[in-house]
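S.K.: Quick one: this structure, given as structure tokens, is what I'll be asking you about.
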Amino acid sequence: IHWETESRLFPKTTLCDFTIREFGHPKRSHDYTVQCVLTLNLFHEQMFTFLYFWYVIVISLNVCDFFLWLYAITPQCRLNFVRKRLYSKKYPLTNGIKDESKIIAFTNDYLEADGFFILSLIKENTSDYVAAEIIHRLYAEKFLKRNLIKTTAEASYDDKHTKKDNDSKRHNLCSLIC
Numbered sequence: 003i004h005w006e007t008e009s010r011l012f013p014k015t016t017l018c019d020f021t022i023r024e025f026g027h028p029k030r031s032h033d034y035t036v037q038c039v040l041t042l043n044l045f046h047e048q049m050f051t052f053l054y055f056w057y058v059i060v061i062s063l064n065v066c067d068f069f070l071w072l073y074a075i076t077p078q079c080r081l082n083f084v085r086k087r088l089y090s091k092k093y094p095l096t097n098g099i100k101d102e103s104k105i106i107a108f109t110n111d112y113l114e115a116d117g118f119f120i121l122s123l124i125k126e127n128t129s130d131y132v133a134a135e136i137i138h139r140l141y142a143e144k145f146l147k148r149n150l151i152k153t154t155a156e157a158s159y160d161d162k163h164t165k166k167d168n169d170s171k172r173h174n175l176c177s178l179i180c
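Adding 2 to a residue's 1-based position in the sequence shown gives its number in my numbering.
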């Protein structure tokens with residue numbers, strides 16, 4: 003402790019005024035002014051110095067974590083996160099994925115940023131295995147089935163319309179000939 007330095011915020015010493023009455027003479031008293039040590043301010047100064055550095059450390063860690071999260075939610079990082087977990091297990095549906103566009107569509111169109119956020123929270127709070135399992139099931143049961151149904155519906159729609167077009171062409175051709 004450096005007694006020589008004084009702080010404006012936490013002064014260590016001050017001047018104390020007090021009165022001492024003489025024994026046997028109740029009306030006679032002496033006023034004194036002496037220098038007093040403020041011991042509680044010594045403790046407060048040390049405590050606030052520690053808290054100041056603690057807050058600086060916590061704020062700098064929060065800023066670093068904020069920039070890491072900004073990086074983590076970029077589309078390329080989300081794609082790498084999903085791709086790593088899709089290739090991590092030996093599932094028949096995801097083992098031989100060669101079509102990168104399906105993974106990109108799954109990540110950007112189906113999961114989007116909020117789905118990625120939930121999956122990353124699951125990974126952090128449980129394990130990477132659980133997150134990979136959920137990604138595999140979402141990919142297999144939701145995304146592929148939805149795309150299969152959409153593709154089947156488009157194919158049947160195309161078949162119906164081409165059949166109607168062919169029938170109408172035949173009808174028009176018959177009417178021209180007859």
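All residues carry an ideal CB built from backbone N, CA and C; glycine is no exception.
Could you round the C-beta distance between R87 and A142 to whole angstroms and report it? I think they count as a contact, below 8 Å.
M.R.: Going by Cβ atoms, the distance from R87 to A142 rounds to 13 Å, so no, they are not a contact pair.
S.K.: In chain order, what residues of the same chain lie with their CB nearer than 6 Å to the CB of T35, ignoring the 5 residues before and after it?
M.R.: Cβ neighbours of T35 beyond the five flanking positions: L17, D19.
S.K.: Mapping the DSSP letters down to three states, classify L44 as helix, strand or coil.
M.R.: Here L44 sits in helix by DSSP.
S.K.: When DSSP builds the beta bridges, which residues end up paired with T35?
M.R.: Paired residues: D19.
S.K.: Which of the three DSSP states is assigned to P13 in this structure?
M.R.: It is coil, neither helix nor strand.
S.K.: Using 8 Å as the threshold, is the C-beta distance between F12 and N43 below it?
M.R.: Against a cut-off of 8 Å, the Cβ pair of N43 and F12 comes out as a contact.
S.K.: Spatial neighbours of S177 within its chain, please: CB distance less than 7 Å, with the 5 preceding and 5 following residues excluded, ordered by chain position.
M.R.: Its pLDDT being 44, under 50, S177 is placed unreliably by the model, and the measurement read from it follows with that caveat. Nothing meets the Cβ criterion.
S.K.: Closest to P82 by C-alpha separation, out of I124, F52, T109, V60, would be which residue?
M.R.: Position check: residue 82 holds Asn in this sequence, whereas Pro was assumed. Selected option, being the one with the closest Cα: T109.
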